[in-house]
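Asker:
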């Protein structure tokens, strides 16, 4: 990430709107030099960048030497803003003044990230300015999702913190004269948090916390799983219970229906014996005699029907009519036969006539006349018929069945036969019924004759009554159980439906136990990774610090030769060449240590962050200054912005930096007006 | 706002460090690739300034790993 520009509006000595723009660092050229005198606005630029990024939280960076309570942050912040408001800027018509900062950053891939803050100072209440903050990410304004203003601002601040956490800002945006505080043996919790964030541990910590939350959710689900499992067991038990009940009902119903069938059979038998009246009592003698009469009446009817059937059949076929019909049929058949034969022989007669009387026949002497010839032709035809086959005597003069064929006559004969046959069956049936009725009547008569002595009959009556009573009970029970069965069947259906849903729910929950195991394994993995990473990175940090210290410090210049870092709390232990702990390094050593630490942190963190240093060389001697300029600044980061006085960065040191400089800016301060103007120039090609 | 903001978590760690993570993950039967993706997602959410829905995403990833483990055990048995 690099800083593209800083725009200031009425901020400190920067009246109106002024912009400090930085060209893109190129290979080997990464230093932007901003030159200004003391009081000219250098530190104000550093503060502007920090305030623009972090807003109220910037007090943690700017006043980091003093631990502040949260409520003091706001007071300190408002006071600082009030102090920064340029008095040379123009006020609005109602006396309101405005101040603004815009910091344009460029992330990896050239994505712009722009933070803008604006403050309004009401003339009536200038102590508590109103603030608004906006962020544009890759060209699109960021839209907070929170409702309240404070929550929206917090959301935006979190967005900025993701790129530049406030607790590590002091490692990258720092005042050279205060840098020693970084190299304290006891860095404090804020620094520890910053270092955790810088070294990527915070990401692992955050993921661990989130996995823990997920695990807690799963455990909640596990409780639900146990609950669902219990409910499932209960439902299955209910289903089994209802099925057992239904089986019991069905068994009872089958038994009762079987008994009912037997009762009905017995009732039928007893009723058939005729011992019971319609009212269910034993029949009296009069009842029995009445029944005999009814049977006799029935018998009489049957006999009448039989006589009628016989009478109907007889007139249909009188003997003489049948004979006459047969004679006619036979005569017709003889006539037809004779005619058929005649038809066959007629051509022979014509041949004979032709031979005797035809043109080729011998002529008579004298010849015959036409009339004589015709007479003899006719006589021959008639006599031929009589000679060959005289017509049968029985042939009728008028044909009777002329239009009927022999097949048709056969069919008529068959029909007549069937009619006779059916009538015979009807007669037989009636005679059989009559016989049965006769037998029933005989039995009834026996009962009448033996009425007083028939104890069995009384028993049958009682038995029948008992059977009817039991039948009634069974029907009642069957109806009751049938209703119960129907209701419980509905219950079973509902329970099965509920069971199916629960089983589906249980299937979805079955993963839960394994998810809890996976969560635990991930947490353990992250913890082990974090601990190993911390050890290895701290070791590397120590090595890098020592590497840069060796580069910056001149040999034999100081006491500190080695630095050990506690991997847990980042407590620094300074050691001399003999390996003994050094309790109080000098101020210069601390500054070298701090610069070395900053460089090492930048190397190890793998975060590509810019470094902005205000007055980097203030407390160092000449040799150290040259080392810092020549060895530290070009390697400190991909982008290094140096805010320096001409006393620090004389021509010689500028010449040392020449090959690494991207651009040069001057802060021209007018002490009479207390106004600073930014003047920029490009350096090199 | 586009989703591909920020730097993936994997670039915060060197190749050796990622290999260390992988070896620890394998030993604990956790998918190393899934773990790196989870770290990337944390970093992405941090950059986007929104963490809404992250826990639910994590749970889905965990469920996927859990289902794979169960499936592997089933295949092994």
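Protein chains in written order, with the working numbering: chain A, 1 to 685; chain B, 1001 to 1077. Heads up, the beta-carbon is just placed ideally off N, CA and C, and yes, glycines get one too.
Using a Cβ-Cβ cut-off of 7 Å (strictly less than) and excluding sequence neighbours within five positions of residue 676 of chain A, which residues of its own chain qualify?
Answerer: 13, 14, 40, 41, 667, 668 and 669, listed in sequence order.
Asker: Give the straight-line distance between the Cα atoms of residue 436 of chain A and residue 295 of chain A, rounded to the nearest whole angstrom.
Answerer: Going by the C-alpha atoms only, they are around 10 Å apart.
Asker: Per DSSP, what are the beta-bridge partners of residue 2 of chain A in this structure?
Answerer: Answer is A:106, bridged to residue 2 of chain A.
Asker: List the DSSP bridge partners of residue 641 of chain A.
Answerer: Beta-bridge pairing links residue 641 of chain A to A:32 and A:612.
Asker: Under DSSP, the alpha helix (DSSP H) around residue 1056 of chain B begins and ends at which residues?
Answerer: Start and end: 1054 to 1076.
Asker: Give me the DSSP bridge partner(s) of residue 20 of chain A.
Answerer: Answer is A:6, bridged to residue 20 of chain A.
Asker: Can you find a CB in chain A that lies within less than 8 Å of the CB of residue 1017 of chain B?
Answerer: So yes, residue 1017 of chain B belongs to the interface.
Asker: In chain A, what lies closer than 7 Å to residue 1067 of chain B by C-beta?
Answerer: The answer, in chain order, is 511.
Asker: Mind checking if residue 214 of chain A is an interface residue toward chain B, Cβ cutoff 8 Å exclusive?
Answerer: It does: the Cβ of residue 214 of chain A has a partner Cβ on chain B nearer than 8 Å.
Asker: Ignoring anything shorter than 4 residues or poking outside the stretch 1007 to 1050 of chain B, list the alpha helix (DSSP H) runs there in chain order.
Answerer: Correct list: 1015 to 1027 and 1032 to 1048.
Asker: Checking contacts by CB at 8 Å: is residue 1079 of chain B closer than that to chain A?
Answerer: In this structure chain B extends from 1001 to 1077, so residue 1079 of chain B is not present and cannot be described.
Asker: Let me know the alpha helix (DSSP H) ranges lying completely inside the stretch 116 to 182 of chain A, each 4 residues or longer, listed in chain order.
Answerer: Within the stretch 116 to 182 of chain A, the complete alpha helix (DSSP H) runs of at least 4 residues are 149 to 161 and 166 to 172.
Asker: Residue 525 of chain A: which of B:1018, B:1012 and B:1044 sits nearest, CA to CA?
Answerer: Ranking B:1018, B:1012 and B:1044 by Cα distance to residue 525 of chain A puts B:1018 first.
Asker: Count the other CB atoms, across all protein chains shown, that sit within 10 Å of the CB of residue 77 of chain A; report buried if there are 16 or more and exposed otherwise.
Answerer: Residue 77 of chain A should be labelled buried.
Asker: How big is the Cα-Cα spacing for residue 685 of chain A and residue 658 of chain A?
Answerer: The predicted position of residue 685 of chain A is uncertain, since its pLDDT is 48 and thus under 50; a value taken from the coordinates is nonetheless stated next. Distance between the alpha carbons of residue 685 of chain A and residue 658 of chain A: 12 Å.
Asker: Taking the alpha helix (DSSP H) that residue 369 of chain A falls in, what are its first and last residues?
Answerer: Counting along the chain, residue 369 of chain A falls outside any alpha helix (DSSP H), and DSSP gives it neither H nor E.
Asker: Could you say which of A:634, A:671 and A:122 lies nearest to residue 662 of chain A if we only look at CA atoms?
Answerer: Closest by alpha carbon: A:634.
Asker: What is the rounded straight-line gap between the Cα of residue 43 of chain A and the Cα of residue 149 of chain A?
Answerer: Distance between the alpha carbons of residue 43 of chain A and residue 149 of chain A is about 30 Å.
Asker: Pick out the complete alpha helix (DSSP H) segments inside the stretch 531 to 575 of chain A, 4 residues or longer, and give them in chain order.
Answerer: Here no run is fully enclosed.
Asker: Does the beta-carbon of residue 1026 of chain B have 16 or more other beta-carbons within 10 angstroms, so that it is buried, or is it exposed?
Answerer: With fewer than 16 other Cβ atoms within 10 Å, it is exposed.
Asker: Quick one, which of A:105, A:244, A:459 and A:161 has its alpha-carbon nearest residue 197 of chain A's?
Answerer: Measuring from the Cα of residue 197 of chain A, the nearest candidate turns out to be A:161.
Asker: Rounded to a whole number of angstroms, what is the C-alpha to C-alpha distance between residue 271 of chain A and residue 233 of chain A?
Answerer: Cα to Cα, the separation comes out at about 56 Å.
Asker: Any residues in the stretch 198 to 211 of chain A with a beta carbon nearer than 8 Å to a beta carbon of chain B? Which ones, in chain order?
Answerer: Per Cβ criterion, the list reads 200, 203, 204, 206, 207, 210 and 211.
Asker: Would you list, in chain order, the members of the stretch 1030 to 1051 of chain B that have their beta-carbon closer than 8 Å to a beta-carbon of chain A?
Answerer: Within the stretch 1030 to 1051 of chain B, the qualifying residues are 1030, 1035, 1038, 1039, 1042, 1043, 1046, 1047, 1048, 1049 and 1050.
Asker: Output the distance between the C-alpha atoms of residue 291 of chain A and residue 456 of chain A, rounded to the nearest integer angstrom.
Answerer: Going by the C-alpha atoms only, they are around 20 Å apart.
Asker: Nearest-angstrom Cα distance between residue 171 of chain A and residue 1073 of chain B?
Answerer: Cα-Cα distance, rounded: 50 Å.
Asker: Hey, how far is the Cα of residue 401 of chain A from the Cα of residue 343 of chain A?
Answerer: Confidence at residue 401 of chain A is low in this model, with a pLDDT of 48, below 50, so its placement is unreliable and the value that follows should be read with caution. Their backbone Cα atoms lie some 20 Å apart in a straight line.
Asker: At a CB-CB cut-off below 9 Å, which residues of chain B make contact with residue 224 of chain A?
Answerer: The contacting residues do not exist; residue 224 of chain A stays about 14 Å from chain B at best.
Asker: By the 10 Å Cβ neighbour count, where 16 or more other Cβ atoms means buried, how is residue 227 of chain A classified, buried or exposed?
Answerer: When all chains shown are included, residue 227 of chain A counts as exposed.
Asker: For residue 155 of chain A, collect the residues of the same chain with a Cβ closer than 8 Å to its Cβ; drop the 5 residues on either side in sequence, then sort them by chain order.
Answerer: Result list for residue 155 of chain A: 144, 145 and 146, in chain order.
Asker: Would you say residue 519 of chain A lies against chain B (beta-carbon separation less than 8 Å)?
Answerer: Yes, its Cβ sits closer than 8 Å to a Cβ of chain B.
Asker: For residue 112 of chain A, which of helix, strand or coil comes out of DSSP?
Answerer: Residue state, collapsed to three classes: strand.
Asker: Hey, residue 224 of chain A and residue 499 of chain A: beta-carbon distance below 8 Å or not?
Answerer: Not a contact, by the Cβ cut-off of 8 Å.
Asker: Using a Cβ-Cβ distance under 8 Å, would residue 541 of chain A count as near chain B?
Answerer: False, the Cβ-Cβ gap to chain B never drops below 8 Å.
Asker: Once the 5 residues before and after residue 664 of chain A are set aside, which same chain residues still bring their CB inside 6 Å of it?
Answerer: Closer than 6 Å at Cβ, skipping near neighbours: 33, 681 and 683.
Asker: Use the C-beta contact count for residue 221 of chain A: other C-beta atoms within 10 angstroms, 16 or more gives buried, fewer gives exposed.
Answerer: Buried.
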